[in-house]
Amino acid sequence: MKTRLTSNLLFGIAAVSLLAAPVLADDAASAPSGETKGPEVKFSGEVEFDAYTGDVVNEDTKSHEYASTFDLNVDVKFNEKWSASVQLEADGETTDPTAIYNGAFVQYAPNDKFVVKFGDLTFSEGAFLNYYNYDDPADNAAGMAEHDIRGVELDYSGLVFGIGFGRGDNDNQVCVEEDGEETCVGVAYNLHLAYELAIGESTLRPFVNYKSYQEAEHNEMHVGLEANLKFDPFAFHFVYGMHMDKLGEEYPKSVHAFLAEPSLDFGSVNIKGSVFYAYFDKKDPVDHGEEIPEYFFAYGEPSVRISDAFALGLPLEYHTNTLKKDDDTSTFNLGLRAYATPIDGLEFTGFAMVNIPVGDDADDAGLKFGLETVFAF
Numbered sequence: 576m577k578t579r580l581t582s583n584l585l586f587g588i589a590a591v592s593l594l595a596a597p598v599l600a601d602d603a604a605s606a607p608s609g610e611t612k613g614p615e616v617k618f619s620g621e622v623e624f625d626a627y628t629g630d631v632v633n634e635d636t637k638s639h640e641y642a643s644t645f646d647l648n649v650d651v652k653f654n655e656k657w658s659a660s661v662q663l664e665a666d667g668e669t670t671d672p673t674a675i676y677n678g679a680f681v682q683y684a685p686n687d688k689f690v691v692k693f694g695d696l697t698f699s700e701g702a703f704l705n706y707y708n709y710d711d712p713a714d715n716a717a718g719m720a721e722h723d724i725r726g727v728e729l730d731y732s733g734l735v736f737g738i739g740f741g742r743g744d745n746d747n748q749v750c751v752e753e754d755g756e757e758t759c760v761g762v763a764y765n766l767h768l769a770y771e772l773a774i775g776e777s778t779l780r781p782f783v784n785y786k787s788y789q790e791a792e793h794n795e796m797h798v799g800l801e802a803n804l805k806f807d808p809f810a811f812h813f814v815y816g817m818h819m820d821k822l823g824e825e826y827p828k829s830v831h832a833f834l835a836e837p838s839l840d841f842g843s844v845n846i847k848g849s850v851f852y853a854y855f856d857k858k859d860p861v862d863h864g865e866e867i868p869e870y871f872f873a874y875g876e877p878s879v880r881i882s883d884a885f886a887l888g889l890p891l892e893y894h895t896n897t898l899k900k901d902d903d904t905s906t907f908n909l910g911l912r913a914y915a916t917p918i919d920g921l922e923f924t925g926f927a928m929v930n931i932p933v934g935d936d937a938d939d940a941g942l943k944f945g946l947e948t949v950f951a952f
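Residues 576 to 952 (my numbering) make up the sequence shown, in order.
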């Protein structure tokens, strides 16, 4: 089975290469002879460093926590059609996360509608846009958290097709020990398909992602629809995602996730919210790590912009804090968030948040503070 599946994947990549080859050859032949021009190199990235207190009310010994993120992108433009990119990343709940290679790819764009990428690619769908704690698609998403592959991607007029081998945390290792030495190989691969339909300023995006570990216990699929609707001053973000596991079994597991995020913008006054619900199989729930953070939460935040550089928000939140409906750990959170943007590319967010227990098994009421600093370049 493994040989047949791997052969199919290699055939798909080879077919894409063969289809693109005539176009690439024509492009190379049309280049003026003797004309040379060095590539253009552009550096960009983002840095975030955060500090948070522990519960200042209940902790006898006051504690604090950190989070740090560093993203560096190096983009190389060879000519109007050929380009490449490489990314470095450091991310962790510490002050000194280790920087690692995060992927590289080459891109060929013969026109505005058609793009071919090959190398290290990342796909995600249906991210949380409004709620600040879950807005990193590397960890959480209603549709599908980030899946990393090494393979090929085709983009054509809103259609996205990607195929490749899983890499990093998206891969699975099979290890064999021979003569006292352990040899491991990766076996996961991914197929991704999405289409983004633009209707005025609104978009509809159906998607499907199939991931195989070549074992019935692990094969998974994500299918869903993301909609971004805009009718000034109102915007509405909606996601439906179906997450399925154990596709090789007679009765595969599944979970249905729903996300609704409305927002209203009246200039200096803004109101945004998020409501999320996930329906799990009680006996055998799907587990994709942190992808789905809890089975239900509701968030709303009215905010007012006092000046071009400063705004205040009042977050109101209800969280179940669990994937199991039988757990009684829900809390109601409220507080104050202050946003400062003294110059483009530099942002400060400070907050104070009170957590009030609602469920019988929730933690005691507590108060936390935090400051987040982000700058882009």
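C-beta atoms are modelled at their ideal positions from N, C-alpha and C, and glycine is treated no differently.
In DSSP terms, what residue i is bridged to
i: Ala884; result: According to DSSP, which records beta bridges pairwise, Ala884 is partnered with nothing at all.
i: Glu640; result: Tyr627
i: Gly761; result: Gln748
i: Gly823; result: Partner(s): none; Gly823 has no beta bridge.
i: Val691; result: Tyr683, Leu729
i: Phe950; result: Val622, Leu921
i: Glu676; result: What sits at residue 676 in the sequence shown is Tyr, not Glu. Answer is Leu663, bridged to Tyr676.
i: Ala769; result: Val735, Phe782
i: Leu647; result: Gly620, Leu663
i: Phe926; result: Arg912, Gly945
i: Tyr874; result: Ser849, Glu892
i: Asp723; result: Thr697
i: Glu753; result: Glu756
i: Lys652; result: Glu615, Ser658
i: Phe740; result: Arg725, Tyr764
C-beta atoms of residue i and residue j nearer than 8 Å
i: Asn677; j: Ser660; result: no
i: Asn765; j: Asn784; result: yes
i: Tyr870; j: Leu898; result: yes
i: Gly816; j: His793; result: no
i: Tyr893; j: Phe926; result: no
i: Phe736; j: Leu772; result: no
i: Glu824; j: Gly718; result: no
i: Glu728; j: Ala716; result: no
i: Val830; j: Tyr854; result: yes
i: Glu640; j: Glu668; result: yes
i: Val962; j: Ser843; result: Outside the displayed range of the chain (576 to 952) lies residue 962, so it cannot be described from this structure.
i: Arg912; j: Gly888; result: yes
i: Ser638; j: Thr670; result: no
i: Gly799; j: Phe782; result: yes
i: Ala674; j: Ala684; result: no
i: Tyr731; j: Lys786; result: no
Cβ-based neighbour list, residue i, same chain, cut-off 6 Å, excluding 5 preceding and 5 following
i: Gly934; result: Asp903, Thr904, Ser905
i: Leu921; result: Phe950
i: Pro917; result: Ala884
i: Ala604; result: Reliability fails at Ala604, whose pLDDT of 48 lies under 50, so the model's placement of it is uncertain and no value is given.
i: Ser954; result: The requested residue 954 is not part of the displayed model; the chain covers only 576 to 952.
i: Glu947; result: Asp625, Thr924
i: Asp820; result: Glu795, Lys828, Val861
i: Ala524; result: Since the first and last residues shown for the chain are 576 and 952, residue 524 lies out of range.
i: Cys750; result: Glu757, Cys759
i: Val814; result: Gly701, Ala717, Gly718, Glu801, Leu834
i: Glu623; result: Thr644, Val949
i: Gln662; result: Asn648, Asn677, Gly678
i: Leu779; result: Leu772, Ala802
i: Ile881; result: none
Same chain only: Cβ atoms within 7 Å of residue i, ignoring 5 sequence neighbours per side
i: Met928; result: Asn908, Gly910, Lys943
i: Pro614; result: Val651, Lys652, Phe653
i: Ala606; result: Below a pLDDT of 50, predicted positions are generally treated as unreliable, and Ala606, at 49, falls in that range; no measurement from the model is reported.
i: Tyr709; result: Phe703, Asn715, Pro868
i: Tyr788; result: Asn747, Val762, Ala763, Asn794
i: Pro932; result: Thr906, Asp938, Asp939, Ala940
i: Asp840; result: Pro808
Extent of the continuous beta strand (DSSP E) to which residue i belongs
i: Tyr815; result: 809-820
i: Phe806; result: 795-806
i: Asn908; result: 906-918
i: Pro781; result: 777-787
i: Glu836; result: 828-840
i: His894; result: 891-894
i: Lys847; result: 844-854
Chain-order list of residues whose beta-carbon lies under 8 Å from that of residue i (same chain, five-residue window excluded)
i: Gly620; result: Phe645, Asp646, Leu647, Asn648, Ala951, Phe952
i: Gln682; result: Trp657, Ser658, Ala659, Ser660, Val690, Val691, Lys692
i: Pro877; result: Val844, Asn845, Ile846, Gly888, Leu889
i: Asp936; result: Asp902, Asp903, Thr904
i: Lys612; result: Asn654
Proximity test, Cβ basis, 8 Å: residue i and chain D
i: Tyr815; result: Among the chains of the structure shown, chain D does not appear; only one protein chain is present.
Problem set entry | Touch test, the segment 938-949 against the segment 620-633, Cβ-Cβ under 8 Å, three pairs minimum | yes
Exercise. Just checking, does the segment 692-707 make contact with the segment 716-724 on the three C-beta pairs under 8 Å criterion?
Worked result: yes
For this session: For the segment 702-710 and the segment 827-839, state whether three or more C-beta atom pairs, one from each stretch, are separated by less than 8 Å.
Result: yes
Exercise. Hey, is the segment 730-745 in contact with the segment 808-817, meaning 3+ C-beta pairs nearer than 8 Å?
Worked result: no
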